[in-house]
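What follows is one structure encoded as structure tokens, with my remarks underneath.
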Amino acid sequence: MVVGATSKPGSRRAIDWAVDRAASTGARLELVSVIGGAVGAVGEQEVVQRAVDSEEAFLRGEAAALSARGIEVAVHVTHGNPTKELVEASTDAGLLVIGSDHTGGTDKHRGPHGTRIVAGANCPVVVVPDIDTTGRSGVVVGVDGSEVSHAALAFAAAEASRVAEPLTVVSTWMPVVYTGDIAPYPDMYLTDLQGTTEAFAQSMADDVRKDYPHLEIIVHVDEGDPAAVITDVAASARLAVVGTHGRTGFARFLLGSVSTQVLDHLTTVTAAVR
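Okay, so the sequence shown: first residue is 1 according to full-length UniProt numbering, each after it adds one.
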């Protein structure tokens, strides 16, 4: 498990989340810190080296404390483009964990690095916002029947089973928007949409039960924007999981609209799975 780690306060929650997971799964941790540089700056080598030395000292202190707890950990500090380096580090990783300075609310302007890392990564990515999730429980996953949502569901079920907490499977529906003098949709049509979506979500939940017969699974179906519903339901959960689209070439850097919106409005720790 690779962790994008720095000595900055915003990284603390990401490190702690990864440590807790490593302690329960036995996963090996690699703490990676990437020191960026100014574009076109002259004579920055000494400044960069001081930053590298400082980060390495911090991470080695973290590693020593973790090793004392029996957690296998390695440290890697480099100078370069943070997005590129973390995407590269994800190549042989089972999971990449990064922090976010998002503290909840509606402010989403936090810079592009997190979204770019999620889009380019070669493994699932967990984004840990600067939000206190103490006392929260359960795992929430959004599904739509796509290949990536099946992968997201499998990841979410494994996490819910690991922490022995309920899994909530979320799916949504929205009628086609109409304009002009067209009459509103009849109630029966809307009822059918709700029922059809419930049946589909229940079918996906039933598939999970085959592998996790003791897992409590809740199906939540609602009318509305998928990202808005997922973030709302996840606001009381310890983890949200969404699927991301795009596998090769430039397409990998185009996240699906739902996952992008969820990552832009984090309400809890969120995993993006492809």
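Heads up, the beta-carbon is just placed ideally off N, CA and C, and yes, glycines get one too.
| Asked | Found |
| --- | --- |
| Tell me which residue opens and which closes the alpha helix (DSSP H) that VAL233 is part of. | 226-234 |
| Which stretch, first to last residue, makes up the alpha helix (DSSP H) that contains HIS150? | 147-163 |
| Please state whether DSSP places THR78 in a helix, a strand or coil. | strand |
| Please report the distance separating the alpha-carbon of SER11 from that of VAL32. | 11 Å |
| Between ALA271 and VAL140, is the Cβ-Cβ spacing less than 7 Å? | no |
| Assign MET1 to one of two classes, buried (16 or more other C-beta atoms within 10 Å of its C-beta) or exposed (fewer than that). | buried |
| Quick check: the Cα distance between VAL233 and ASN81, rounded to an integer number of angstroms? | 35 Å |
| On the DSSP bridge list, what partners appear for GLU223? | TRP173 |
| Please state if the CB of THR103 and the CB of VAL34 are separated by a distance shorter than 7 Å. | no |
| Alpha carbon to alpha carbon, how far is THR6 from PRO175? | 46 Å |
| Considering only DSSP beta bridges, list what VAL126 is partnered with. | VAL97, ALA271 |
| Report back the beta-carbon spacing between VAL148 and HIS245 to the nearest angstrom; my notes put them in contact at under 8 Å. | 6 Å |
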